[in-house]
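Heads up: the structure comes next, in structure tokens.
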Ligand code: SF4
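This is the structure we're talking about:
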């Protein structure tokens, strides 16, 4: 079923899969969205894994299998038959390892150490089950992502003072608790209603990783998965996403750590986020990086971030976002209590152009 008349609302999205820049940057995602190849999680379900391993041996095996999965994707895309589903698969192993990371919780670099599986919550406020604030076909995402089957999870491990979704991110009890079966049926319904993808966002999807992976295990349709995240995952949580995510959609907000600490309460921001974006890109370079241009932060954050992208993830699409508004508690910080000026946005986009970044098709 298609979303009726969506191409009238977003003609740029309707034309996106013919855009050369998008086709060069996101070749397999486009095919998966069109249903021409399987989403990666479908193949992760078909790759046999040993069921008896634990501890570091299990992680080593996981790393090897994630490499093998890339070969399997290539083979199946070129016409080899899909293998039978094994008794225990790479995706099963991912679910098991993700549950271990949740108890004690080190899913993100907050490393709260609480036992999430027994219902306790850490900084993110997410306890023993995800809560979904809303889920719908989003018509306002970047052109290649729209129409997007967006799932908004409640709770977040950041405290951004300008958060536009603060009623979801800073209210972890908003929405309704769901289990993996419900999430799987949500993913299926969004795809059947014409979504090009399942877009996992919030708040922040990271605290919900074990339930998301379990839901993908149960999902019976092929739909590309978009990871729409602040990228503050722990290294091991990032590893678990490799071989599951078809399109990375990371935020990259700050270059200067004191700014990340002041406005998002996020220590070691640059180190963690650059590490995770590199890990994701090096494994699977189909990526749209979102950079929100903040007032007064072009020289200290925007320019060095764009330079880092040019040096480290040059094939990624970059959305140089102009939609910053002083929402939530931003009025308490006079220096960011305004919209960016037209000159600031022009300067940011000129820098992206000068660096040869792929920004035009998604900004
Ligand atoms: S996911 Fe939540 S509980 Fe786990 S480490 Fe991060 S903030 Fe803490």
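Numbering (this note's numbering), first residue to last: 103 to 465.
C-beta atoms are modelled at their ideal positions from N, C-alpha and C, and glycine is treated no differently.
This structure is a prediction, so every number in the text was calculated from the model and none was measured.
With C-beta atoms as the reference, is residue i less than 8 Å away from residue j?
i	j	result
residue 395	residue 353	no
residue 127	residue 248	no
residue 280	residue 339	no
residue 322	residue 294	no
residue 420	residue 461	yes
residue 371	residue 403	no
residue 229	residue 223	yes
residue 171	residue 145	yes
residue 235	residue 256	yes
residue 264	residue 334	no
residue 380	residue 193	no
residue 408	residue 453	yes
residue 390	residue 418	yes
In angstroms with no decimal places, state the Cα-to-Cα distance between residue i and residue j.
i	j	result
residue 262	residue 217	25 Å
residue 282	residue 456	45 Å
residue 209	residue 119	34 Å
residue 311	residue 398	35 Å
residue 414	residue 392	15 Å
residue 349	residue 246	10 Å
residue 465	residue 459	11 Å
residue 109	residue 244	14 Å
residue 164	residue 188	16 Å
residue 388	residue 134	12 Å
residue 86	residue 143	Lying outside 103 to 465, the shown extent of the chain, residue 86 is not represented and no answer is given.
residue 175	residue 181	10 Å
residue 441	residue 433	11 Å
residue 191	residue 154	12 Å
residue 308	residue 122	32 Å
residue 205	residue 219	6 Å
residue 301	residue 315	14 Å
Kindly indicate which residue of the options has the alpha-carbon position closest to the one of residue i.
i	options	result
residue 306	408, 422, 316, 274	274
residue 382	351, 117, 287	351
residue 422	414, 449, 434	449
residue 157	150, 390, 172, 196	196
residue 183	121, 149, 154	149
residue 438	368, 426, 444	426
residue 328	191, 250, 408	250
residue 344	452, 124, 200	200
residue 227	190, 205, 260, 252	260
residue 213	406, 362, 337	337
residue 151	136, 137, 358, 169	169
residue 160	252, 239, 341, 112	341
residue 278	240, 315, 288, 233	233
residue 292	253, 309, 315	253
residue 268	429, 446, 443	429
residue 296	416, 325, 162, 276	325
residue 313	299, 284, 377	284
residue 378	332, 132, 405, 113	332
Can you check DSSP and say which residues form a bridge with residue i?
i	result
residue 252	238, 301
residue 394	423
residue 278	234
residue 204	207
residue 327	300
residue 335	210
residue 460	419
Beta carbon shell of the ligand SF4 at less than 5 Å from a heavy atom: 207, 209, 210, 212, 214, 224, 225, 226, 259, 309
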